[in-house]
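Residue numbers (the numbering used here), protein chains in the order written: chain A, 15 to 392; chain C, 11 to 394.
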């Protein structure tokens with residue numbers, strides 16, 4: 015079914031929503047709690063999942079028929095940007111991306127089965143960190159799955175994994191695998207970004223609820239697109255936050271009888287970072303608008319925006335750590351947390367060089383079709 | 011011929027008419043004519059625009075404009091960019107800085123005398139702001155103006171005055187009070203370039219062209235009625251002038267770049283150019299392509315802001331200047347590398363010419379270093 019996303023809610027409504035999410039996260043997900051979470055002293059990921067249920071965040075992109083808020087992709091962008099600012103731990107990014115993909119590509123029964131439950135907080139869903147090129151593979155034999163996929167994004171206690179597998183004749187399909195700890199097991203890997211969980215999925219005669227899509231490639235592309243858009247806004251949110259934190263630090267620290275923020279060399283570096291954040295935000299908007307309109311060039315813009323925003327995030331976090339000096343290198347300060355998130359984001363939803371290549375291939379195709387991809391409504 | 015601007019209330023018809031007119035009016039060989047004598051060509055093109063009301067369409071009707079709203083101005087800029095039409099470099103000051111200054115600060119007499127010099131007579135204006143020792147630190151300027159009865163006597167030296175060798179008038183900043191604090195002692199004048207003691211000398215640029223002049227002023231007499239604003243108010247008036255360096259002009263430049271980049275890429279695809287097979291060049295191109303679209307969204311935001319909240323402080327025009335001028339340079343740099351040894355052939359167009367010329371963008375209208383200071387200080391709140 016071709017899902018029509020609602021037009022962008024009014025800017026004021028989105029701003030209000032951003033403010034309210036920011037307000038909640040400022041208390042529920044402040045950096046002290048994030049540090050405690052990493053130290054294993056709280057279950058912030060589970061708390062945020064409960065909060066997301068309570069405040070309807072899990073239904074932001076889903077129609078009201080499934081218990082959603084129907085705020086479309088614009089609403090999701092706002093959420094991911096705010097979550098990114100706070101380095102919110104947990105699997106929201108994976109579950110939300112899977113939910114949009116199910117909305118667009120699952121049949122009626124499957125949507126009724128999964129979507130309202132997702133809004134209610136269960137299941138959480140793990141997805142391949144790179145839907146285009148999953149690590150490993152699953153085979154469908156006698157109606158059950160066998161094999162392993164490594165590097166799934168999502169909590170180890172997710173109830174489902176949404177994954178691709180080979181069916182007979184070498185074709186691919188996507189489906190929901192219930193993590194029953196018998197046929198399907200999910201185990202957390204230890205990875206550098208401790209705020210996000212990366213897992214490995216082992217299947218041995220695991221039952222699967224198959225999507226039966228006539229175009230499995232479009233399922234994959236949809237999942238990639240939603241994950242990429244989430245990464246885009248997470249990256250911009252995180253970069254904004256660490257840049258402001260860094261500028262604040264520079265304004266507060268005095269050396270050589272001057273505040274560091276008054277040194278032009280440092281001002282210019284901060285300005286350059288602000289420029290890159292700005293470029294990324296605008297390119298993200300381009301990708302978002304194209305995705306909402308279901309524009310034929312939506313994938314092109316999403317790939318460019320994902321490459322730009324995650325590379326930008328890596329650049330910003332790298333420089334922000336350096337600008338902090340010695341304390342930036344410590345475990346107590348936030349710099350390394352943002353930096354690790356940024357490096358993970360670069361690797362999610364496809365390698366950035368591959369994204370640029372795919373975008374170029376799409377651009378070449380549009381040129382051959384005599385179509386311009388850059389049209390903007392005034 | 012009925013004027014195009016009569017259609018201004020019907021955007022579709024207006025756009026169609028502008029496009030049709032450009033089709034007919036713009037000579038196919040305009041680039042060759044421009045290369046031969048850029049000033050002669052610009053003057054000719056300006057008069058063509060003047061005839062159909064498109065030279066100063068955004069000006070108030072009482073001063074020779076057509077009261078075109080922003081949307082229609084954008085249509086004009088859009089269509090000229092689409093047609094790859096000429097950019098009126100010599101008229102930038104006349105078209106943007108003069109109205110931004112006079113409409114806000116000019117006396118009734120000044121507006122009535124000087125605005126039609128552009129909108130009816132097509133005169134070129136130049137700017138006498140920078141000095142050899144007052145560049146980025148403009149307020150330290152030393153050109154002096156002493157009051158002598160109904161006149162001021164001006165002495166000093168200006169530099170980087172675009173088009174001064176062709177200009178009829180100059181927007182001039184000079185110090186009228188050397189004892190006041192540096193921003194407070196400056197006054198703003200209209201200088202008739204035909205006055206005795208005014209001597210423009212062209213500066214040869216790195217491209218080999220001469221668009222700028224040095225301006226030597228020796229005992230130049232300027233009537234007191236040609237002072238804009240009060241004595242000592244020049245710095246404040248100058249802020250209006252400088253704020254004109256944004257909006258539709260930046261929009262037009264960016265759209266022009268966009269069409270050029272698209273044409274370049276289309277030709278590469280159609281001719282199966284080698285560089286498309288080079289991973290690094292191809293990926294660099296796509297990165298810049300994304301950046302260009304982000305910039306285009308920013309130029310639209312500047313226009314929206316200038317229409318809906320013209321006095322609200324905004325970093326967006328600063329971002330557009332910084333990102334836009336750097337992007338011109340980055341594309342030119344990439345095209346030089348794509349062209350390889352072929353870029354070395356001496357020519358007054360082509361990638362290496364564009365690359366060298368791009369420094370005119372990154373340095374003028376506030377160097378990009380000054381722009382970074384503004385982003386850091388006003389945008390991020392870092393101390394001066």
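Every residue gets a Cβ at the ideal spot worked out from N, C-alpha and C, and that includes glycine.
### Query
Taking Cβ to Cβ, would you say residue 296/C is nearer than 8 Å to residue 329/A?
The residue given as residue 296/C occupies position 286 in the second chain. The residue given as residue 329/A occupies position 315 in the first chain. No. Outside cutoff.
### Task
Report back the beta-carbon spacing between residue 199/C and residue 232/C to the nearest angstrom; my notes put them in contact at under 8 Å.
Taking the second chain and counting its residues from 1, one reaches residue 199/C at position 189. Taking the second chain and counting its residues from 1, one reaches residue 232/C at position 222. Contact holds; Cβ gap of about 5 Å.
### Query
Going by C-alpha distance, which of 227/C, 24/C and 343/C is nearest residue 168/C?
Translated into positions along the second chain, residue 168/C becomes position 158. The option with the nearest alpha carbon to residue 168/C is 227/C.
### Query
Less than 8 Å separating the beta-carbons of residue 150/C and residue 166/C?
For the purposes of this step, residue 150/C is identified with residue 140 of the second chain, where counting begins at 1. For the purposes of this step, residue 166/C is identified with residue 156 of the second chain, where counting begins at 1. For residue 150/C and residue 166/C, no; Cβs fall outside 8 Å.
### Message
Which residues does DSSP list as the beta-bridge partners of residue 162/C?
### Response
Locating residue 162/C in the second chain gives position 152, where the first residue counts as 1. The partner list for residue 162/C (beta bridge, DSSP) reads 157/C and 232/C.
### Message
Any beta carbon from chain A within less than 8 Å of residue 383/C's own beta carbon?
### Response
Here residue 383/C is taken as the residue at index 373 of the second chain, counted from 1. Yes, because at least one Cβ of chain A sits closer than 8 Å to the Cβ of residue 383/C.
### Query
Roughly how many angstroms separate the alpha carbons of residue 380/C and residue 329/C, rounded to a whole number?
One-based indexing of the second chain puts residue 380/C at position 370. One-based indexing of the second chain puts residue 329/C at position 319. Each residue's Cα considered, the two are about 12 Å apart.
### Task
Compare the C-alpha of residue 140/A against each of 169/A, 125/A, 30/A and 289/A and name the closest.
Translated into the one-based positions of the first chain, residue 140/A becomes position 126. With distances taken between Cα atoms, residue 140/A lies closest to 169/A.
### Query
Any C-beta of chain A sitting closer than 8 Å to the C-beta of residue 333/C?
Position 323 of the second chain, counted from the first residue, corresponds to residue 333/C. At least one chain A Cβ lies under 8 Å of residue 333/C.
### Query
Any Cβ of chain C within less than 8 Å of the Cβ of residue 397/A?
Outside the shown range of chain A (15 to 392) lies residue 397/A, about which nothing can therefore be said.
### Message
Does residue 66/C pass the burial test, meaning 16 or more other C-beta atoms within 10 Å, or should it be called exposed?
### Response
By one-based count along the second chain, residue 66/C stands at place 56. By the 10 Å Cβ count, residue 66/C comes out buried.
### Query
Any idea what DSSP makes of residue 228/A, helix, strand or coil?
For the purposes of this step, residue 228/A is taken as residue 214 along the first chain, with counting starting at 1. Here residue 228/A sits in coil by DSSP.
### Query
Any beta-carbon of chain C closer than 8 Å to the one on residue 279/A?
Locating residue 279/A in the first chain gives position 265, where the first residue counts as 1. It does not: the Cβ of residue 279/A has no partner Cβ on chain C nearer than 8 Å.
### Query
Taking C-alpha atoms, which residue in 353/C, 216/C and 335/C lies nearest to residue 366/C?
Counted from its first residue, the second chain places residue 366/C at position 356. Minimum Cα distance to residue 366/C is reached at 216/C.
### Task
Would you tell me roughly how many angstroms separate the C-alpha atoms of residue 45/A and residue 243/A, rounded to the nearest one?
Here residue 45/A refers to the residue found at position 31 of the first chain. Here residue 243/A refers to the residue found at position 229 of the first chain. Distance between the alpha carbons of residue 45/A and residue 243/A is about 24 Å.
### Closer than 8 Å to chain C by CB, residue 195/A
Here residue 195/A refers to the residue found at position 181 when the first chain is read from its first residue. Judged by the 8 Å Cβ criterion, residue 195/A is not in contact with chain C.
### Query
What whole-angstrom Cβ distance do residue 206/A and residue 322/A have, given they're in contact under 8 Å?
As a working note, residue 206/A is residue 192 in the first chain. As a working note, residue 322/A is residue 308 in the first chain. That belief does not hold up - the Cβ atoms of residue 206/A and residue 322/A are roughly 22 Å apart, past 8 Å.
### Message
Within 8 Å of any Cβ in chain C, is that where the Cβ of residue 392/A sits?
### Response
As a working note, residue 392/A is residue 378 in the first chain. With a pLDDT of 48 at residue 392/A, under the threshold of 50, the modelled position of that residue is not reliable, and no figure is offered here.
### Message
I need the straight-line Cα distance from residue 100/C to residue 221/C, nearest angstrom please.
### Response
For the purposes of this step, residue 100/C is taken as residue 90 along the second chain, with counting starting at 1. For the purposes of this step, residue 221/C is taken as residue 211 along the second chain, with counting starting at 1. The alpha-carbon atoms of residue 100/C and residue 221/C are separated by roughly 8 Å.
### Query
Would DSSP call residue 43/A helix, strand or coil?
As a position in the first chain, residue 43/A is number 29, starting the count at 1. If DSSP states are grouped into helix, strand and coil, residue 43/A belongs with coil.
#### Entry: Simplified DSSP assignment, three categories, for residue 34/C
Stepping through the second chain from its first residue, residue 34/C is reached at position 24. Here residue 34/C sits in helix by DSSP.
### Task
Can you tell me which of 349/C, 271/C, 28/C and 139/C puts its alpha carbon nearest to the alpha carbon of residue 247/C?
As a position in the second chain, residue 247/C is number 237, starting the count at 1. Comparing Cα-Cα distances from residue 247/C to each of 349/C, 271/C, 28/C and 139/C, the minimum goes to 139/C.
### Message
On the CB-based measure, 16 or more other CB atoms within 10 Å of its CB, does residue 143/C come out buried or exposed?
### Response
On the second chain, position 133 is the one that residue 143/C refers to. Residue 143/C is exposed by the Cβ-count criterion.
### Message
Between residue 120/C and chain A, is the shortest Cβ-Cβ distance under 8 Å, so that the two count as touching?
### Response
Indexing the second chain from 1 puts residue 120/C at position 110. No, because no Cβ of chain A sits closer than 8 Å to the Cβ of residue 120/C.
### Query
Would residue 153/A be called buried (16 or more neighbouring beta carbons within 10 Å of its own) or exposed?
Position 139 of the first chain, counting from 1, holds the residue named residue 153/A. Result: exposed.
### Message
Can you check whether the C-beta of residue 149/C is within less than 8 Å of a C-beta belonging to chain A?
### Response
For this step, residue 149/C is matched to residue 139 along the second chain. No, residue 149/C lies away from the interface with chain A (no Cβ there is under 8 Å from its Cβ).
### Query
Over what stretch of residues does the beta strand (DSSP E) that includes residue 160/A continue unbroken?
In the first chain, counting from the first residue as 1, residue 160/A sits at position 146. 158-167 is the extent of the beta strand (DSSP E) around residue 160/A.
### Message
Using a Cβ-Cβ distance cut-off of 8 Å, determine whether residue 82/C contacts chain A.
### Response
For this step, residue 82/C is matched to residue 72 along the second chain. Closer than 8 Å: no.
### Task
Would you please state the rounded distance, in angstroms, between the beta carbons of residue 110/A and residue 85/A? I believe it to be under 8 Å.
By one-based count along the first chain, residue 110/A stands at place 96. By one-based count along the first chain, residue 85/A stands at place 71. With 8 Å as the limit, residue 110/A and residue 85/A do not qualify as a contact, their Cβ atoms being about 12 Å apart.
### Task
Identify, in the order they occur along the chain, each residue of the same chain with its Cβ nearer than 6 Å to the Cβ of residue 225/C, setting aside the five sequence neighbours on each side.
For the purposes of this step, residue 225/C is taken as residue 215 along the second chain, with counting starting at 1. Cβ neighbours of residue 225/C beyond the five flanking positions: 138, 168, 171, 174 and 210.
### Message
Just to confirm, is the Cβ distance from residue 363/A to residue 320/A under 8 Å?
### Response
Locating residue 363/A in the first chain gives position 349, where the first residue counts as 1. Locating residue 320/A in the first chain gives position 306, where the first residue counts as 1. Cβ atoms of residue 363/A and residue 320/A: closer than 8 Å.
### Query
Residue range of the alpha helix (DSSP H) that residue 110/A falls in?
Here residue 110/A is taken as the residue at index 96 of the first chain, counted from 1. 106-119 is the extent of the alpha helix (DSSP H) around residue 110/A.
### Cross-chain neighbours of residue 396/C in chain A, by beta carbon under 8 Å
No statement about residue 396/C is possible, as the shown extent of chain C runs from 11 to 394 and does not include it.
### For residue 276/A and residue 339/A, the rounded distance between their alpha carbons
The residue you call residue 339/A lines up with position 325 of the first chain. The residue you call residue 276/A lines up with position 262 of the first chain. Cα-Cα distance, rounded: 16 Å.
### Query
Looking at residue 292/C and residue 285/C, is the spacing between their C-beta atoms short of 8 Å?
For the purposes of this step, residue 285/C is taken as the residue at position 275 of the second chain. For the purposes of this step, residue 292/C is taken as the residue at position 282 of the second chain. For residue 285/C and residue 292/C, yes; Cβs fall inside 8 Å.
### Query
Based on the DSSP secondary-structure assignment, which residues constitute the bridge partners of residue 168/C?
Here residue 168/C corresponds to residue number 158 of the second chain, with the count starting at 1. According to DSSP, which records beta bridges pairwise, residue 168/C is partnered with 225/C.
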